[in-house]
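Chemist: Everything in the sequence shown is counted per numbering that gives the first Met the number 0, starting at 0 for the first residue and increasing by one. Take a look at the following structure, please.
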Amino acid sequence: MRATTLALGAFFTVVQFYTSLAALSPTPPVGFVFASPSVALVLVAILVAATLWSLVRLLPEHARLDATSTAICAAWVGSAALSAVLGVDPTSSLQVVGMMVMAAIFHLAFVRFAREPGVVRGVIGAYIAVGTTATLAALVMFAFHRPAALWALNNGRAAGFFVTANEFAAFLIAFVFVASGVALGRRGIARTAGLAAVAIGCAALAATVSVAGWVGAAVGAIFFALALGARRVAILVAIVIVVGGAVFAIRPAARHNPAESFDRLRIWRSGLRVAELFPLTGVGPMGYFRIYPAIRPLNADLPGTFGALHPHDAYLSLAGETGAVGLVAFGYGWWRFARTMRSRLRACAKPDRVLGLGICAALVAVLVQGIFDTIGVVEMAFVWIPFSALALGCVAPHARSATATVAS
């Protein structure tokens, strides 16, 4: 089981740095990418090795796979595969589907083996340790304005190893809520590590000046507070949202390029146009940038620029790249997840419930941020599938209490 824990932990931690795989992407290079193609290939090799080991462990377990996990993965991966085959660039699209398949294998393996001793502790422990280290490194880069190109391209906002400040914020809002679940539900070393991760993560989130990330975090915090019965905290966060919205209305371009203040509106029009032209199965995963030059509205971003790579809305992105089939699969998967989590949270021990709710809050925050940013199929592959596995596994029926499986 130690080898399985190592494989699952390696996959979950490495996949957090999926933005480094941009070095291998067929899309035009945009922004400052830390990883060279060689480093990106090493990351892919780790993901492949972890996936193969997980698959070997799963093969004898096919009759014991979690029904909800199987349904979610089949819906999401299946819809993307159909869109890839029927899309404008099947070769590139199927590469994305291949990454989704690896994520699905991780999902099935983690949920299946989460009840085994040390699995949850190992995976979440590795995630907190690596995430805290990466976040501290990002804060150091931010403080010293290094690398200079990264600082300049992000208008003085913290981005760390994640190319853009918004992508760093997407990592942080998930990281902070998972760490919060550990801090509130555990004892001893685990609680200390969780509290430290929350403090460092919140400082970094502030330094990203990512409004989309802040909104996602605020909504996630309201959900988490209400789920834990802390209504006063939820009200306080709601007040902060109102005040923050008023401040942003007065000064909307803080640490942003003022020329890009209304970029989202132009980009969203492009996304809507692609969805209208390819309503059933879309243009295929990551096919948006190939079709963009033909549908580009007047005054929209030029082909090859950052605004031309995706519509900067996860749901418009899904609509354009996977069509109605993908949107139906998206809705079904989250409906199935929510129904299962609700029943399992009621039945599990309090420490597990707190951790599970923290992970759910992370997903809520990510889904809200997706309204303003991120690529649908990329989020599905590298965030939704792995983190939904984390949530389902931590509250799996008959699982050992996370008090025993997360270091205390």
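C-beta atoms are modelled at their ideal positions from N, C-alpha and C, and glycine is treated no differently. All figures in this text were calculated on a predicted structure; none of them were measured in a lab.
Is His-144 buried or exposed, if buried means 16 or more other CB atoms sit within 10 Å of its CB?
Modeler: If you draw a 10 Å sphere on the C-beta of His-144, you find fewer than 16 other C-beta atoms in it, and that means exposed.
Chemist: Which term fits Gly-8, buried or exposed, when burial requires 16 or more other beta carbons within 10 angstroms of its beta carbon?
Modeler: buried
Chemist: Quick check on the burial criterion: 16 or more other C-beta atoms within 10 angstroms. Buried or exposed for Ser-37?
Modeler: exposed
Chemist: Can you tell me the Cα-Cα spacing of Val-367 and Leu-227, whole angstroms?
Modeler: 20 angstroms
Chemist: Take the Cβ of Met-0 as the centre, count every other Cβ of all protein chains shown within 10 Å, and call the residue buried at 16 or more, exposed below.
Modeler: Exposed: under 16 other Cβ atoms inside 10 Å.
Chemist: Among residues of its own chain, excluding the 5 on either side of Arg-399, which ones have a beta-carbon nearer than 7 angstroms to its beta-carbon?
Modeler: Model confidence at Arg-399 stands at a pLDDT of 45, short of 50, so the residue's coordinates are unreliable; what they give is reported in the following sentence. Setting aside the 5 residues that flank it on each side, Arg-399 is surrounded in the same chain by Arg-114, Pro-116, each with a C-beta closer than 7 angstroms to its C-beta; the list follows chain order.
Chemist: Below 8 angstroms, how does it come out for the stretch 62-80 and the stretch 350-370: are there three or more Cβ pairs, yes or no?
Modeler: no
Chemist: Classify Pro-396: buried if its beta carbon has 16 or more other beta carbons within 10 angstroms, exposed otherwise.
Modeler: exposed
Chemist: Spatial neighbours of Thr-132 within its chain, please: CB distance less than 7 angstroms, with the 5 preceding and 5 following residues excluded, ordered by chain position.
Modeler: Shown here for Thr-132: not one same chain residue has a beta carbon closer than 7 angstroms to its own, the five before and five after excluded.
Chemist: Rounded to the nearest angstrom, what separates Cys-393 and Asp-300 at their Cα positions?
Modeler: 43 angstroms
Chemist: Give me the residue from Lys-349, Gly-332, Ala-380 with the minimum Cα distance to Thr-67.
Modeler: Comparing Cα-Cα distances from Thr-67 to each of Lys-349, Gly-332, Ala-380, the minimum goes to Gly-332.
Chemist: Do the stretch 207-218 and the stretch 168-188 meet, that is, are 3 or more Cβ pairs less than 8 angstroms apart?
Modeler: In short, these stretches touch, since the Cβ pair count reaches three.
Chemist: State the Cα-Cα distance for the pair Ser-387 and Val-242, rounded to the nearest angstrom.
Modeler: 32 angstroms
Chemist: Drop a sphere of 10 angstroms on the beta-carbon of Pro-292, count the other beta-carbons inside from all chains shown, and report buried for 16 or more, exposed for fewer.
Modeler: Label assigned to Pro-292: exposed.
Chemist: Among residues of its own chain, excluding the 5 on either side of Asn-298, which ones have a beta-carbon nearer than 7 angstroms to its beta-carbon?
Modeler: Arg-265
Chemist: Taking the alpha carbon of Trp-75 as the point to measure from, which residue in Asp-88, Gly-86, Val-377 has its own alpha carbon closest?
Modeler: Val-377
Chemist: Consult DSSP for Ala-403 and reduce its assignment to one of helix, strand or coil.
Modeler: Residue confidence for Ala-403 is low, a pLDDT of 41 falling below 50, so the modelled location carries little weight and cannot support an answer.
Chemist: In the stretch 125-195, which residue ranges form an unbroken alpha helix (DSSP H) of at least 4 residues, counting only runs that do not cross its ends?
Modeler: 147-152, 164-184
Chemist: Go through the stretch 339-376 residue by residue and report every complete run of the alpha helix (DSSP H) that reaches 4 residues or more, in order.
Modeler: 349-368
Chemist: My assumption, with CB atoms under 8 angstroms, is that Ala-2 sits in contact with Trp-52. Please give the rounded CB distance.
Modeler: 7 angstroms
Chemist: Where Arg-190 and Val-197 are concerned, what is the direct C-alpha to C-alpha distance, given to the nearest angstrom?
Modeler: 10 angstroms
Chemist: Buried or exposed for Trp-383, please, with buried defined as at least 16 other CB atoms from any protein chain shown within 10 angstroms of its CB.
Modeler: buried
Chemist: When the Cα atoms are used, what is the spatial distance from Ile-370 to His-311?
Modeler: Those two C-alpha atoms are separated by around 8 angstroms.
Chemist: CB-CB under 6 angstroms to Phe-31, same chain, minus the five flanking residues each way: which ones, in chain order?
Modeler: Ala-148, Leu-149, Leu-152
Chemist: Look up Leu-297 in the DSSP assignment and say whether it is helix, strand or coil.
Modeler: Reduced to three states, the DSSP call for Leu-297 is coil.
Chemist: Just mark Ala-364 as buried or exposed, buried being the case when its beta carbon has 16 or more other beta carbons within 10 Å.
Modeler: buried
Chemist: Determine the DSSP secondary structure at Ile-290, reduced to helix, strand or coil.
Modeler: helix
Chemist: Alpha carbon to alpha carbon, how far is Glu-166 from Leu-40?
Modeler: 21 angstroms
Chemist: Alpha carbon to alpha carbon, how far is Asn-154 from Arg-263?
Modeler: Rounded to whole angstroms, the gap between the alpha carbons of Asn-154 and Arg-263 is 17 angstroms.
Chemist: In chain order, what residues of the same chain lie with their CB nearer than 7 angstroms to the CB of Ile-45, ignoring the 5 residues before and after it?
Modeler: Excluding residues within five positions, the ones whose Cβ falls inside 7 angstroms are Ala-9, Val-13.
Chemist: With DSSP collapsed to three states, give me the class of Phe-31.
Modeler: coil
Chemist: Val-14 lies in the alpha helix (DSSP H); which residues open and close that run?
Modeler: Here Val-14 belongs to no alpha helix (DSSP H), and DSSP marks it neither H nor E.
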